[in-house]
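Colleague:
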Amino acid sequence: MEINLLCNPHHRNSQGFVLPLFLLDRRIRAMKGAIFYTGRFGSTHQYASWISGASGLPVFDLNKTRPNPSQYDFLVLGSSIIITRPTIKRWLKANWKKIQRKPVLLFTVSGTEPGHPHLKQWLEENLPKEILEHVDYYAFRGRLNLGEVPWWIRLMLKFAAKREEDPQVKQRMTEGFGFMDKNAVKPIVDWVKALQDENLKQTKLQEHEHH
Ligand SMILES: Cc1cc2nc3c(=O)[nH]c(=O)nc-3n(C[C@H](O)[C@H](O)[C@H](O)COP(=O)(O)O)c2cc1C
437 MEINLLCNPH HRNSQGFVLP LFLLDRRIRA MKGAIFYTGR FGSTHQYASW
487 ISGASGLPVF DLNKTRPNPS QYDFLVLGSS IIITRPTIKR WLKANWKKIQ
537 RKPVLLFTVS GTEPGHPHLK QWLEENLPKE ILEHVDYYAF RGRLNLGEVP
587 WWIRLMLKFA AKREEDPQVK QRMTEGFGFM DKNAVKPIVD WVKALQDENL
637 KQTKLQEHEH H
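As structure tokens, then:
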């Protein structure tokens with residue numbers, strides 16, 4: 437892991453004066469992180485925005501922009517689940533080499549509830565073991581407003597519902613659902629803070645050892 441050590445014993449400010457240590461301390465920068473997500477109907481965006489609001493991390497919609505993951509020390513990745521597939525799959529596989537040494541947290545947004553065995557199964561079917569073993573994982577429940585989706589998706593869901601055996605899933609497909617929960621993001625915000633605190637501690641420790 438790269439350590440953001442902006443200060444060193446020889447640090448000078450722009451006028452060339454050596455800064456006293458207590459001022460240098462303030463120049464120690466927290467690790468730089470970002471939230472990248474893929475979603476279509478707004479719920480993954482909403483969770484990403486809530487995490488951003490509470491943690492201060494910037495948010496990027498991978499369907500609209502191509503941020504460079506190499507510019508960050510750690511990443512929070514958000515993905516909706518559509519027809520059993522995490523929508524971030526292609527991006528994650530294509531960019532894995534760039535992020536495999538960084539702390540990464542993946543969160544999914546689905547109709548299926550967190551902890552349901554299907555979620556684990558769908559992740560294992562779509563993402564290599566190497567990725568799943570590295571990332572920290574979190575599941576959120578999302579939203580489906582049938583009035584907002586295109587007609588052909590409504591039609592597809594209607595047909596899929598006819599074949600669906602689980603009555604709860606069938607109901608979600610025919611009536612839609614709303615499970616958005618702002619408080620659910622707290623563990624991810626805590627994950628970000630713990631990472632940044634730990635890094636600051638390590639940086640200060642190294643600084644101390646230098647003297
Ligand atoms: C076409 C379609 C397929 C979906 N397939 C699944 C699925 O296989 N499993 C599941 O748990 N949720 C499924 N959902 C529910 C979505 O994961 C949920 O609505 C999520 O909040 C969508 O995220 P978004 O608003 O960011 O697009 C599906 C929704 C749609 C519209």
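Residues 437 to 647 in the numbering used here are what the sequence shown lists, from first letter to last.
All C-beta atoms, glycine included, are put in the ideal place defined by N, C-alpha and C.
Does L559 come out as helix, strand or coil in the three-state DSSP assignment?
Modeller: Locating residue 559 in the sequence shown gives position 123, counting from the first residue. If DSSP states are grouped into helix, strand and coil, L559 belongs with the helices.
Colleague: Leaving aside the five residues before and after Q642 along the sequence, list all residues of the same chain whose C-beta is less than 6 Å from its C-beta, in chain order.
Modeller: As a working note, residue 642 is residue 206 in the sequence shown. Within the same chain, Q642 has no close Cβ partners at all.
Colleague: Can you name the residues that DSSP bridges to F510?
Modeller: Along the sequence shown, one-based indexing puts residue 510 at 74. F510 pairs with G469.
Colleague: Pair every Cβ in the stretch 529-537 with every Cβ in the stretch 504-513, then say whether three or more of these pairs are closer than 8 Å.
Modeller: Short answer: they touch.
Colleague: For R521, which three-state DSSP category applies?
Modeller: The count along the sequence shown starts at 1 and reaches residue 521 at position 85. Looking at R521 - three-state DSSP - the assignment turns out to be strand.
Colleague: Here's the rule: buried if 16 or more other CB atoms are within 10 angstroms of the residue's CB, otherwise exposed. What is R577?
Modeller: The residue given as residue 577 occupies position 141 in the sequence shown. Buried, by the Cβ-count rule.
Colleague: Let's test the definition: count the other Cβ atoms within 10 Å of the Cβ of H481 and tell me whether it reaches 16, buried, or not, exposed.
Modeller: Position 45 of the sequence shown, counting from 1, holds the residue named residue 481. It counts as buried.
Colleague: Indicate whether the contact test is met: 3 or more Cβ pairs, each with one atom in the stretch 555-571 and one in the stretch 597-617, closer than 8 Å.
Modeller: No, because fewer than three Cβ pairs between the stretch 555-571 and the stretch 597-617 fall closer than 8 Å, the two stretches do not touch.
Colleague: According to the neighbour-count rule (16 or more other Cβ atoms, all chains shown, within 10 Å of its Cβ), is P522 buried or exposed?
Modeller: Within the sequence shown, numbered from 1, the residue matching residue 522 stands at position 86. P522 is buried by the Cβ-count criterion.
Colleague: Inspect the beta-carbon positions of A620 and Y483 and report whether they are closer than 9 Å.
Modeller: For the purposes of this step, residue 620 is taken as residue 184 along the sequence shown, with counting starting at 1. For the purposes of this step, residue 483 is taken as residue 47 along the sequence shown, with counting starting at 1. Cβ atoms of A620 and Y483: closer than 9 Å.
Colleague: Is any heavy atom in ligand 1 found nearer than 8 Å to the beta carbon of T639?
Modeller: The count along the sequence shown starts at 1 and reaches residue 639 at position 203. No, the Cβ of T639 stays beyond 8 Å of every heavy atom of ligand 1.
Colleague: Could you spell out the range, first to last residue, of the beta strand (DSSP E) harbouring R577?
Modeller: For the purposes of this step, residue 577 is identified with residue 141 of the sequence shown, where counting begins at 1. From DSSP, the beta strand (DSSP E) with R577 extends over 572-577.
Colleague: Please report the Cβ distance between V512 and V628, rounded to the nearest whole angstrom; I am assuming they are in contact, meaning their Cβ atoms lie under 8 Å.
Modeller: Numbered from 1 along the sequence shown, position 76 holds the residue referred to as residue 512. Numbered from 1 along the sequence shown, position 192 holds the residue referred to as residue 628. Yes, they are in contact, since the Cβ atoms of V512 and V628 sit about 7 Å apart, within 8 Å.
Colleague: Only counting runs of 3 or more residues, tell me where the beta strand (DSSP E) segments fall wholly within the stretch 579-606, in order along the chain.
Modeller: Runs found: none.
Colleague: Cβ-heavy atom distance between G551 and ligand 1 below 8 Å?
Modeller: Looking up residue 551 in the sequence shown gives position 115. Checking every heavy atom of ligand 1 against the Cβ of G551, none is found closer than 8 Å.
Colleague: Can you give me the Cβ contacts of D617 inside the same chain, cut-off strictly under 8 Å, excluding the 5 residues immediately before and after it?
Modeller: On the sequence shown, residue 617 is found 181 positions in, with the first residue counted as 1. Closer than 8 Å at the Cβ level, and outside the excluded window around D617, lie F576, R577.
Colleague: Compute the beta-carbon to beta-carbon distance between W527 and T474, rounded to the nearest angstrom, for a pair I have assumed lies under 8 Å.
Modeller: As a working note, residue 527 is residue 91 in the sequence shown. As a working note, residue 474 is residue 38 in the sequence shown. That belief holds up - the Cβ atoms of W527 and T474 are roughly 7 Å apart, short of 8 Å.
Colleague: Near V540, what residues of its chain come up, given a Cβ to Cβ distance below 6 Å and the 5 sequence neighbours on each side ignored?
Modeller: As a working mapping, residue 540 is identified with position 104 in the sequence shown. Correct list, in chain order: L511, V571.
Colleague: Select from F595, Y574, V585 the residue whose C-alpha is nearest the C-alpha of P623.
Modeller: To locate residue 623, count along the sequence shown from 1; it is residue 187. With distances taken between Cα atoms, P623 lies closest to Y574.
Colleague: Would you check whether ligand 1 has a heavy atom nearer than 8 Å to the C-beta of S516?
Modeller: Position 80 of the sequence shown holds residue 516. Flag set: Cβ of S516 near ligand 1.
Colleague: Quick check on D626: does DSSP put it in helix, strand or coil?
Modeller: Stepping through the sequence shown from its first residue, residue 626 is reached at position 190. Helix, per DSSP.
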